[in-house]
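Numbering (the numbering used here), first residue to last: -12 to 405.
Here it is, written out as structure tokens:
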């Protein structure tokens, strides 16, 4: 390592070395039986350098002089500009690492899978067609030429199950930073939804009050709304959110917070070494701020918000952390006289520039006068900004679905086509 640092100090104006070691243990379920137990370990290195104000980047499974030389060569022909790298800072965040996850073994995985399967079969004659239980540990290390040396461990456990009965199917899942995941809920709920959806009936196209589950809320917002408040997209003209202080989404408050205890996207520093923050994006519908990685914060002239995260290619880009939705009106009973939607298909085809969407609904139910009946395939159409202005009430069933923390939400007068 010392030799590599000396090489980078001599040949660059600034440098960063990122290392991620990921280990996972998982068990898969197929046709109601335990199928495969697997374990994996991956180590990835990413080197980012600044040469004459230009950025070079290279990745490998091994840190070497050759890797650094490749990053330097790219910097010499790069058009991406960057003057500096962050001076890293770490904050304490509770509940992002559980040592018990590292101790998970094959017996724990088998027992967990059996709980999933048995919980589903207790509901009725369903087939737990496919599913899995997985436990993973990420070890992150980040150093740079600006004095940053940061390390941390993160853990996640997840359970997923899809159940089938005749021509009906449904899924459910749970995720946690700890070894405590609600296996019985996942198994039972996926089976109940499949059974309940078995005798679906048709409805007429028209306008309905619609209730989206926490899963459906995440699916629609993550593709239509979230990219619009990335500073990079605002800079490049790929966002309609161009005017701070303007009301875009009615009365909904939305906060990006990477410091929430036990949050699935909480951490003590982001993947560039910037401390996570709580950033209010919308306050009662009014645009207050954007989120950004370090490079685009410099370009926009704002403080970085701790949202520089790395994807599969290990390059840091703007990404949401834990996105919390709030609304002044709450109720435990929000489903009466509404179309209730468990999940959506096709969210990735939505337009993040305009906010337009056209999505297929799955495991959908029409509730009227206290009676609930399954509905055959339907589509919802609209624009996310119009939709959020139609929020009537939030439920009490708050869940974290990937990076979204929200309850079921009721919207009025949504276009439904069958």
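We put the CB at the ideal spot given by N, CA and C, even for glycine. Fair warning: this is a prediction, and the values are worked out from it, not measured in the lab.
Q.
Going by the DSSP bridge assignment, what does residue 201 pair with across the sheet?
A. Here the question's residue 201 lines up with position 214 in the chain shown. In the DSSP output, where bridge partners are listed per residue, residue 201 has none listed.
Q) In angstroms, rounded to a whole number, what distance separates the CA positions of residue 120 and residue 389? A) The count along the chain shown starts at 1 and reaches residue 120 at position 133. The count along the chain shown starts at 1 and reaches residue 389 at position 402. Taking the straight line joining both Cα atoms gives about 16 Å.
Q.
Can you find the residues in the same chain that come closer than 7 Å, C-beta to C-beta, to residue 339, ignoring five residues on each side of it along the sequence?
A. Looking up residue 339 in the chain shown gives position 352. The residues are 210, 211, 214, 215.
Q) Touching or not, the stretch 259 to 272 and the stretch 51 to 64, by the rule of three or more beta carbon pairs under 8 Å? A) Because the criterion of three Cβ pairs below 8 Å is not met, the stretch 259 to 272 and the stretch 51 to 64 do not touch.
Q) What is the residue span of the alpha helix (DSSP H) that residue 282 lies within? A) For the purposes of this step, residue 282 is identified with residue 295 of the chain shown, where counting begins at 1. Looking at the DSSP string, the run of the alpha helix (DSSP H) that includes residue 282 is 281 to 287.
Q | With 16 other Cβ atoms within 10 Å as the buried cut-off, status of residue 259 | A | Residue mapping note: residue 259 aligns to position 272 of the chain shown, counting from 1. Label assigned to residue 259: buried.
Q: Over the uninterrupted alpha helix (DSSP H) stretch that includes residue 53, give me the two end residues.
A: Here residue 53 refers to the residue found at position 66 of the chain shown. From DSSP, the alpha helix (DSSP H) with residue 53 extends over 52 to 64.
Q) When burial is assigned at 16 or more other CB atoms within 10 Å of the CB, is residue -5 buried or exposed? A) Position 8 of the chain shown, counting from 1, holds the residue named residue -5. With at least 16 other beta carbons inside 10 angstroms of its own, residue -5 counts as buried.
Q. Looking at C-beta atoms only, is the number of pairs between the stretch 350 to 362 and the stretch 185 to 198 that lie closer than 8 Å three or more?
A. Yes, the stretch 350 to 362 is in contact with the stretch 185 to 198.
Q) Under the rule that 16 or more other beta-carbon atoms within 10 Å means buried, what is residue 135, buried or exposed? A) Here residue 135 corresponds to residue number 148 of the chain shown, with the count starting at 1. Around the beta carbon of residue 135, 16 or more other beta carbons lie within 10 angstroms, which makes this residue buried.
Q | Bridge-paired residues (DSSP) for residue 406 | A | Outside the displayed span of the chain (-12 to 405) sits residue 406, for which this structure offers no information.
**Q.** Member of 71, 27, 20, 29 whose CA lies at the smallest distance from the CA of residue 41
**A.** To locate residue 41, count along the chain shown from 1; it is residue 54. Minimum Cα-Cα distance from residue 41 among the listed residues 71, 27, 20, 29 corresponds to 71.
Q. Can you name the start and end residues of the beta strand (DSSP E) that residue 386 belongs to?
A. For the purposes of this step, residue 386 is taken as the residue at position 399 of the chain shown. Residue 386 -> beta strand (DSSP E) spans 386 to 388.
**Q.** Assumed close pair residue 207, residue 310 - CB separation to whole angstroms, cut-off 8 Å
**A.** Along the chain shown, one-based indexing puts residue 207 at 220. Along the chain shown, one-based indexing puts residue 310 at 323. The Cβ separation is near 13 Å, so there is no contact.
Q) Just the Cα atoms here: how many angstroms apart are residue 326 and residue 195? A) Position 339 of the chain shown, counted from the first residue, corresponds to residue 326. Position 208 of the chain shown, counted from the first residue, corresponds to residue 195. Rounded to whole angstroms, the separation of the alpha carbons of residue 195 and residue 326 is 7 Å.
**Q.** Buried or exposed (CB count within 10 angstroms, at least 16 for buried), residue 358
**A.** Working through the chain shown from its first residue, we reach residue 358 at position 371. Per the 10 Å Cβ criterion, exposed.
Q. If we ignore side chains and look at the alpha-carbon of each, how far apart do residue 174 and residue 253 end up?
A. The count along the chain shown starts at 1 and reaches residue 174 at position 187. The count along the chain shown starts at 1 and reaches residue 253 at position 266. If I take the Cα positions, the gap works out to 27 Å.
(Q) Comparing C-alpha positions only, which one of 145, -8, 381 sits nearest to residue 316? (A) For the purposes of this step, residue 316 is taken as the residue at position 329 of the chain shown. Measuring from the Cα of residue 316, the nearest candidate turns out to be 381.
Q: Check whether the Cβ atoms of residue 278 and residue 305 lie closer than 8 Å to each other.
A: As a first step, residue 278 is located in the chain shown; it is residue number 291 there, counting from the start. As a first step, residue 305 is located in the chain shown; it is residue number 318 there, counting from the start. Result yes, Cβ atoms of residue 278 and residue 305 sit closer than 8 Å.
Q: Tell me where the beta strand (DSSP E) around residue 313 begins and ends.
A: Stepping through the chain shown from its first residue, residue 313 is reached at position 326. Element bounds for residue 313: 309 to 313.
Q) Roughly how many whole angstroms lie between the Cα atoms of residue 112 and residue 104? A) Residue numbering aside, residue 112 sits at position 125 when the chain shown is read from its first letter. Residue numbering aside, residue 104 sits at position 117 when the chain shown is read from its first letter. Straight across, the Cα-Cα distance linking residue 112 with residue 104 is about 12 Å.
Q) First and last residue of the alpha helix (DSSP H) that includes residue -3? A) Here residue -3 is taken as the residue at index 10 of the chain shown, counted from 1. Residues -11 to -2.
Q) Do the stretch 156 to 172 and the stretch 290 to 298 touch if we need at least three Cβ pairs shorter than 8 Å? A) No, because fewer than three Cβ pairs between the stretch 156 to 172 and the stretch 290 to 298 fall closer than 8 Å, the two stretches do not touch.
Q. Excluding five sequence neighbours on each side, which residues of the same chain lie with their C-beta closer than 6 Å to the C-beta of residue 122?
A. As a working note, residue 122 is residue 135 in the chain shown. Scanning its chain for C-beta atoms nearer than 6 Å, with the 5 sequence neighbours on each side dropped, one finds around residue 122 the residues 12, 88, 91, 144, in chain order.
(Q) Let's see if you can read the secondary structure: which residues bound the alpha helix (DSSP H) around residue 344? (A) Position 357 of the chain shown, counted from the start, is the residue given in the question as residue 344. Taken as a continuous stretch (DSSP letters only), residue 344 belongs to no alpha helix (DSSP H), being part of the beta strand (DSSP E) at 343 to 355.
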